[in-house]
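Numbering (the numbering used here), first residue to last: 593 to 981.
Report on the structure given below.
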Ligand SMILES: [Fe+2]
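See the structure below:
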């Protein structure tokens with residue numbers, strides 16, 4: 593082991609984890625505000641009765657809550673502005689976001705921008721968000737993005753189209769209330785997609801150029817939990833133990849990537865998501881094996897450690913163990929129903945220059961362990977498009 597050197601670890605503010613912890617929402621909310629805006633996505637929380645239960649908890653705590661519904665997948669800048677308006681009209685002083693990554697990202701942006709007059713476009717164009725906004729409590733209903741602890745919010749400007757993050761410390765939620773029971777009713781497909789996102793994020797954070805010894809500890813543990821339990825969460829029937837492990841894995845991956853950043857999978861995933869509207873986790877699972885192969889020589893030692901942590905192999909030779917990780921990942925993606933040639937998801941060869949340009953300008957790509965040239969990105973897109981691993 594060599595010298596350690598200097599590093600920064602960006603930590604979440606508060607995390608409360610465990611099955612059933614959402615039932616303590618009233619007390620957590622009351623200590624942070626009086627007039628929460630509750631942000632949710634589609635209708636599933638209403639239909640399951642979960643939203644009524646949450647609103648009941650807030651009422652019992654003496655809080656005046658208003659609900660903001662209808663956050664879409666790949667949320668737009670306009671949705672954030674509508675959320676800000678709703679917070680203002682309600683005279684809200686707290687945001688509670690309950691949902692998948694999209695809902696949490698909108699909730700974080702609405703809270704963080706709550707005290708500034710600047711439009712969201714300013715920050716989407718690259719200006720860092722520094723002024724603290726209103727506190728946000730994030731309750732994830734998927735095990736995927738780790739958005740409950742990250743200092744960014746992924747948004748899409750559908751006019752360009754461009755998918756990118758607004759960034760800044762004020763985007764880190766005041767509290768991540770991670771209750772694995774909230775993920776139990778997630779359908780198999782979304783469980784697989786969000787789980788593949790979590791696994792990809794854990795692997796990318798682990799080998800990133802921005803990784804440090806502390807983020808490595810988090811990322812490797814995240815890889816172990818996601819790698820060992822992802823398939824079980826996608827099996828028939830609710831399995832709370834598996835869901836707990838995936839919730840923990842995605843949480844730890846989120847904390848790791850907040851400091852380490854990501855890599856080439858996410859660098860390419862954002863333009864593909866913006867152009868074709870394909871679910872983020874499906875894109876991650878489809879591109880991941882290609883990027884593992886691309887990075888194999890440079891990141892082989894860490895990939896080998898990841899393979900051993902998941903229990904894929906006990907081969908002491910790093911080259912063999914890293915190859916085993918690639919093979920296992922490819923098989924897992926196929927098993928979970930992703931990884932078709934991207935042309936079958938709507939990908940078009942003529943979009944190559946737009947995709948390559950966006951991939952090259954992405955901060956994630958800049959953190960990939962192996963340097964990426966334009967020619968590399970072009971070849972990667974051709975291979976992903978045709979499914980040529
Ligand atoms: Fe992701």
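Glycine included, every Cβ here is placed at the ideal spot set by N, Cα and C.
If you're wondering where the values come from, they're calculated on a predicted model, not measured in any experiment.
(message) For ligand 1, I want to know if residue 876 counts as a neighbour, meaning its beta carbon is within less than 7 Å of at least one of the ligand's heavy atoms.
(response) For ligand 1, at least one heavy atom lies less than 7 Å from the Cβ of residue 876.
(request) Using beta-carbon positions only, say whether residue 722 and residue 669 come within less than 8 Å of one another. (result) No, these two residues do not count as a Cβ contact at 8 Å.
(request) Express the C-alpha separation of residue 958 and residue 882 in angstroms, rounding to a whole number. (result) So the two alpha carbons sit approximately 17 Å from each other.
(message) Which residues does DSSP list as the beta-bridge partners of residue 758?
(response) When beta bridges are read from the DSSP output, residue 758 appears opposite 745.
(message) Between the alpha carbons of residue 1050 and residue 838, how many angstroms are there, rounded?
(response) Past the edges of the chain, shown from 593 to 981, lies residue 1050, and the structure says nothing about it.
(message) Between the alpha carbons of residue 827 and residue 611, how many angstroms are there, rounded?
(response) Those two C-alpha atoms are separated by around 20 Å.
(message) Given 7 Å as the limit, tell me if residue 975 has its C-beta closer than that to any heavy atom belonging to ligand 1.
(response) It does not: the Cβ of residue 975 is nowhere closer than 7 Å to a heavy atom of ligand 1.
(request) Kindly confirm or deny that the region 698-706 and the region 672-683 touch, where touching means at least three C-beta pairs closer than 8 Å. (result) Contact between the region 698-706 and the region 672-683 is established, with three or more Cβ pairs separated by less than 8 Å.
(request) With a cut-off of 8 Å on the beta carbons, I'd call residue 760 and residue 846 a contact; round off their distance for me. (result) Their Cβ separation, rounded to whole angstroms, is 16 Å, which puts residue 760 and residue 846 out of contact at 8 Å.
(message) Taking the alpha-carbon of residue 849 as reference, which of 918, 960, 900 and 822 has the nearest alpha-carbon?
(response) Minimum Cα distance to residue 849 is reached at 960.
(message) With three or more beta-carbon pairs closer than 8 Å as the criterion, would you say the region 604-621 touches the region 637-653?
(response) Flag = yes, the region 604-621 and the region 637-653 touch.
(request) Give a yes or no on contact between the region 768-787 and the region 892-900, applying the rule of three or more CB pairs nearer than 8 Å. (result) Not touching, per the Cβ criterion.
(message) Quick check on the DSSP output: the alpha helix (DSSP H) that includes residue 608 runs from which residue to which?
(response) Per DSSP, residue 608 belongs to no alpha helix (DSSP H); it is in the beta strand (DSSP E), 607-609.
(message) Please report the distance separating the alpha-carbon of residue 659 from that of residue 735.
(response) Roughly 23 Å between the two C-alpha positions.
(request) Taking only the alpha-carbon atoms, compute the straight-line gap between residue 944 and residue 920 and give it to the nearest angstrom. (result) Residue 944 and residue 920 have their alpha carbons spaced roughly 29 Å apart.
(request) Alpha carbon to alpha carbon, how far is residue 716 from residue 747? Give it in angstroms, no decimals. (result) The straight-line gap separating the alpha-carbon atoms of residue 747 and residue 716 is approximately 8 Å.
(message) Using only the alpha-carbon positions, how far apart do residue 775 and residue 732 sit?
(response) Here the C-alpha atom of residue 775 lies approximately 8 Å from the C-alpha atom of residue 732.
(request) For residue 914, write down the residues that DSSP places opposite it in a beta bridge. (result) For residue 914, DSSP records no beta bridge to any residue.
(request) Could you pull the start and end residues of the alpha helix (DSSP H) that residue 974 belongs to? (result) For residue 974, the enclosing alpha helix (DSSP H) begins and ends at 966-978.
(message) Based on DSSP bridge pairs, tell me the residues matched to residue 631.
(response) Bridge partners of residue 631: 660 and 689.
(request) Would you please state the rounded distance, in angstroms, between the beta carbons of residue 865 and residue 875? I believe it to be under 8 Å. (result) Residue 865 to residue 875, Cβ: 6 Å. Contact.
(message) Does residue 730 come out as helix, strand or coil in the three-state DSSP assignment?
(response) Of the three classes helix, strand and coil, the one that applies to residue 730 here is strand, per DSSP.
(message) What would DSSP say about residue 809, mapped onto helix, strand or coil?
(response) The answer is helix: DSSP assigns residue 809 an H, G or I state.
(request) Taking only the alpha-carbon atoms, compute the straight-line gap between residue 880 and residue 607 and give it to the nearest angstrom. (result) Residue 880 and residue 607 have their C-alpha atoms spaced approximately 29 Å apart.
(message) Less than 6 Å between C-beta atoms, sequence neighbours within five positions excluded: which residues of the same chain meet that for residue 762?
(response) 704, 721, 724 and 725.
(request) Out of 767, 743, 770 and 766, state which residue places its alpha-carbon closest to the alpha-carbon of residue 757. (result) If we check each option's Cα against that of residue 757, 743 comes out closest.
(message) Less than 7 Å between C-beta atoms, sequence neighbours within five positions excluded: which residues of the same chain meet that for residue 907?
(response) Residues 913 and 916 of the same chain have their beta carbon placed closer than 7 Å to that of residue 907, with the five preceding and five following residues left out of the count.
(message) Is it buried or exposed, residue 637, if we count other Cβ atoms within 10 angstroms and call 16 or more buried?
(response) Sixteen is the threshold: when 16 or more other Cβ atoms of the shown chains lie within 10 Å of the Cβ of residue 637, as they do, the residue is buried.
(message) With distance defined between alpha-carbon atoms, name the residue in 806, 764 and 835 nearest to residue 783.
(response) Nearest to residue 783 by C-alpha distance, out of 806, 764 and 835, is 835.
(request) Taking 8 Å as the cut-off, decide whether the C-beta atoms of residue 871 and residue 947 are in contact. (result) Between residue 871 and residue 947, the C-beta spacing is not below 8 Å.
(message) Using the three-state DSSP reduction, which class does residue 600 fall into: helix, strand or coil?
(response) DSSP places residue 600 in coil when its eight states are reduced to three.
(message) Counting C-beta neighbours from all protein chains within 10 Å, is the total for residue 623 16 or more, i.e. buried, or is it exposed?
(response) Residue 623 sits exposed, since fewer than 16 C-beta atoms from the chains shown fall within 10 Å of its C-beta.
(message) Quick check: what's the CA-CA separation for residue 940 versus residue 970?
(response) Just so you know, the alpha carbons of residue 940 and residue 970 end up roughly 13 Å apart.
(request) Give the range of the beta strand (DSSP E) segment to which residue 767 is assigned. (result) Element bounds for residue 767: 767-770.
(request) Mind reading off the beta-carbon distance from residue 596 to residue 805? Whole number of angstroms is fine, and I expect it under 8 Å. (result) Confirmed, Cβ separation roughly 6 Å.
(request) May I have a chain-ordered list of the alpha helix (DSSP H) segments no shorter than 4 residues that lie completely inside the region 906-958? (result) Counting whole runs of 4 or more residues, the region 906-958 contains the alpha helix (DSSP H) stretches 910-927, 944-953 and 955-958.
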